[in-house]
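All remarks here apply to the structure that follows.
Residue numbers (the numbering used here): 158 to 473.
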């Protein structure tokens, strides 16, 4: 009877789901601790001013309230990754590496009608290491997390945003066109891409950007990227990193794929990003990647998952 008294897209966790969430929360945090990640518990509230560094998407996702003491606008926690980044800046010493993990509830204001506005976000963040070894460690721990949750038939989709960003930089798109291009690219809408990029047709990068919609699949697409955009040292370097990552993860027992038009995620992400899927779940089960472009360009990578969503769809 209580369900209809709640706001839209929020729900109680009943005994079975609550028990499962607590069991797996403990197991996941134990896994992260064994890998050297220390637990932090970010505040439920922060001033909206501190969200500006993370882009418009996060701002739209944040429920806002007025602080009755100061009169300033505050946001209810909507993303523990960014809050953990703030904690890292407090803990950071020159040259230090920080490995932090978290597990806690967040609220999202700007969700689809079919998605819950309440998440239980669990994840890890690795600060201070720009080497590909950090990305390998984070993604290996993600794979082990999914195995711990008994999630089968996992596909890890990987992209490197330097490829997309390099083409966008060459095109010098207007702010409005950047939005149209990004949205069309994510759904592989070649028609909208061609229409939007028509005014930039003299630039070879516009055609290369459209071709990204067809570049997805196994490791063979890595060589196709280099052929599509030849003589570009930045893109060659990004592809080399993806190849070295693949050589490690291919032995993990899950499917590794690449999708160079999958640029989803918050605006603070940069470089190597990834999303995990399973045929047993209706949408992505985890995502993460690099976000070196915030907090004074401190190297950072990590992943998070919504344990509430996973538990609700779990077949037990």
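Yeah, the Cβ is synthetic: ideal placement off N, Cα and C, and Gly gets one too. Only a predicted model underlies this, so the values are computations on that prediction, with no experimental measurement involved.
Please report the distance separating the alpha-carbon of residue i from that of residue j.
{"i": "residue 384", "j": "residue 172", "result": "55 Å"}
{"i": "residue 344", "j": "residue 197", "result": "36 Å"}
{"i": "residue 179", "j": "residue 288", "result": "34 Å"}
{"i": "residue 195", "j": "residue 297", "result": "17 Å"}
{"i": "residue 429", "j": "residue 367", "result": "20 Å"}
{"i": "residue 331", "j": "residue 395", "result": "26 Å"}
{"i": "residue 448", "j": "residue 192", "result": "21 Å"}
{"i": "residue 360", "j": "residue 327", "result": "8 Å"}
{"i": "residue 174", "j": "residue 182", "result": "12 Å"}
{"i": "residue 232", "j": "residue 223", "result": "9 Å"}
{"i": "residue 310", "j": "residue 409", "result": "12 Å"}
{"i": "residue 356", "j": "residue 348", "result": "14 Å"}
{"i": "residue 444", "j": "residue 419", "result": "12 Å"}
Beta-carbon within less than 8 Å of residue i's beta-carbon, same chain only, minus the 5 sequence neighbours each way: which residues are those?
{"i": "residue 163", "result": "169"}
{"i": "residue 308", "result": "435, 437, 438, 442 and 467"}
{"i": "residue 237", "result": "199, 259, 261, 263, 278, 280 and 461"}
{"i": "residue 382", "result": "320, 372, 392, 396 and 417"}
Going by DSSP in three states, residue i sits in which element: helix, strand or coil?
{"i": "residue 259", "result": "strand"}
{"i": "residue 167", "result": "coil"}
{"i": "residue 294", "result": "helix"}
{"i": "residue 416", "result": "strand"}
{"i": "residue 312", "result": "strand"}
{"i": "residue 282", "result": "strand"}
{"i": "residue 399", "result": "helix"}
{"i": "residue 383", "result": "helix"}
{"i": "residue 435", "result": "strand"}
{"i": "residue 425", "result": "coil"}
{"i": "residue 430", "result": "strand"}
{"i": "residue 158", "result": "Note on residue 158: pLDDT 47, under 50, position unreliable in the model; no value is reported."}
{"i": "residue 405", "result": "helix"}
Leaving out five residues on either side along the sequence, give the residues of the same chain with a beta carbon under 6 Å from the beta carbon of residue i.
{"i": "residue 376", "result": "403"}
{"i": "residue 398", "result": "289"}
{"i": "residue 338", "result": "353"}
{"i": "residue 446", "result": "426, 429, 430 and 431"}
{"i": "residue 277", "result": "262, 464 and 465"}
{"i": "residue 273", "result": "166"}
Could you pull the start and end residues of the beta strand (DSSP E) that residue i belongs to?
{"i": "residue 345", "result": "No beta strand (DSSP E) holds residue 345; DSSP gives it neither H nor E."}
{"i": "residue 221", "result": "221 to 223"}
{"i": "residue 226", "result": "Segment: none, residue 226 is in no beta strand (DSSP E) and carries neither H nor E."}
{"i": "residue 109", "result": "Examination of residue 109 is not possible in this model, given that the chain is present from 158 through 473 alone."}
{"i": "residue 463", "result": "457 to 463"}
Taking the alpha helix (DSSP H) that residue i belongs to, which residues open and close that run?
{"i": "residue 327", "result": "318 to 328"}
{"i": "residue 366", "result": "361 to 368"}
{"i": "residue 247", "result": "237 to 248"}
{"i": "residue 447", "result": "It is not in any alpha helix (DSSP H) - residue 447 instead sits in the beta strand (DSSP E) that spans 443 to 447."}
{"i": "residue 189", "result": "172 to 191"}
{"i": "residue 254", "result": "Premise fails: residue 254 is in no alpha helix (DSSP H) and is neither H nor E."}
{"i": "residue 306", "result": "No alpha helix (DSSP H) contains residue 306, which DSSP labels as neither H nor E."}
Between residue i and the ligand COA, is there a pair consisting of the residue's CB and a ligand heavy atom that are separated by less than 8 Å?
{"i": "residue 274", "result": "In terms of ligand content, the structure shown is empty, and the ligand COA therefore cannot be addressed."}
Suppose the cutoff is 7 Å on Cβ atoms and the five residues either side in sequence are ignored; what does the same chain contact list for residue i look like?
{"i": "residue 186", "result": "196, 258 and 260"}
{"i": "residue 401", "result": "289"}
Segment contact, 8 Å Cβ cut-off, at least three pairs: the stretch 320 to 337 with the stretch 456 to 469: The stretch 320 to 337 makes no contact with the stretch 456 to 469, as fewer than three CB pairs between them are under 8 Å.
The stretch 274 to 286 in contact with the stretch 250 to 260 per 3-pair CB rule at 8 Å: The count of Cβ pairs closer than 8 Å, one atom from the stretch 274 to 286 and one from the stretch 250 to 260, reaches three, so the stretches are in contact.
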